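Residue numbers are given in my numbering: position 31 of the sequence shown equals residue 31, and the series is strictly consecutive.
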Amino acid sequence: MRKLKDNPNLKPKTLVKMIKEDYLTTISYKIAWVAKEKAMMKIRGSYSYSYQLLETYCRELMSVDPEVVTEILT
1 MRKLKDNPNL
11 KPKTLVKMIK
21 EDYLTTISYK
31 IAWVAKEKAM
41 MKIRGSYSYS
51 YQLLETYCRE
61 LMSVDPEVVT
71 EILT
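Below, the structure is given as structure tokens:
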């Protein structure tokens, strides 16, 4: 996960190669893709959780600067 955190643009194909070199085992492209998605969710959090925080974030912005205008479009 550290390698993905340092370089989130790693391709699944590259991950397959890295696993083969580091662990002397082979995984499929699909397994690498799913693993990358799960790792990125742990690193960044889920989209739904991020959207849940938007309203609180907007309120915080307005409490710091009352002239700030915020709008959440759905």
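From the three backbone atoms N, C-alpha and C, an ideal C-beta is built for every residue, glycine too. All values derive from a computational prediction rather than experimental measurement.
Pull up the CB-CB distance for residue i and residue j, whole angstroms please, since I reckon it's below 8 Å.
i: Ala32; j: Pro12; result: 4 Å
Residues in the same chain with beta-carbon distance under 6 Å from residue i, minus the five sequence neighbours each way, listed in chain order, please.
i: Ile72; result: Leu54
i: Met62; result: Val68
Who are the Cβ neighbours of residue i in its own chain at under 8 Å, not counting the five residues just before and after it?
i: Pro66; result: none
i: Lys74; result: In the sequence under discussion, the amino acid at residue 74 is Thr, which differs from the Lys named in the question. For Thr74, where only same-chain residues beyond five positions count, there are no Cβ hits under 8 Å.
Once the 5 residues before and after residue i are set aside, which same chain residues still bring their CB inside 7 Å of it?
i: Arg44; result: none
Return the first residue and the last residue of the alpha helix (DSSP H) that residue i is part of.
i: Leu15; result: Pro12 to Tyr23
i: Glu55; result: Tyr47 to Val64
i: Lys73; result: Lys is not the amino acid found at residue 73; the sequence shown has Leu there. From DSSP, Leu73 is part of no alpha helix (DSSP H); its letter is neither H nor E.
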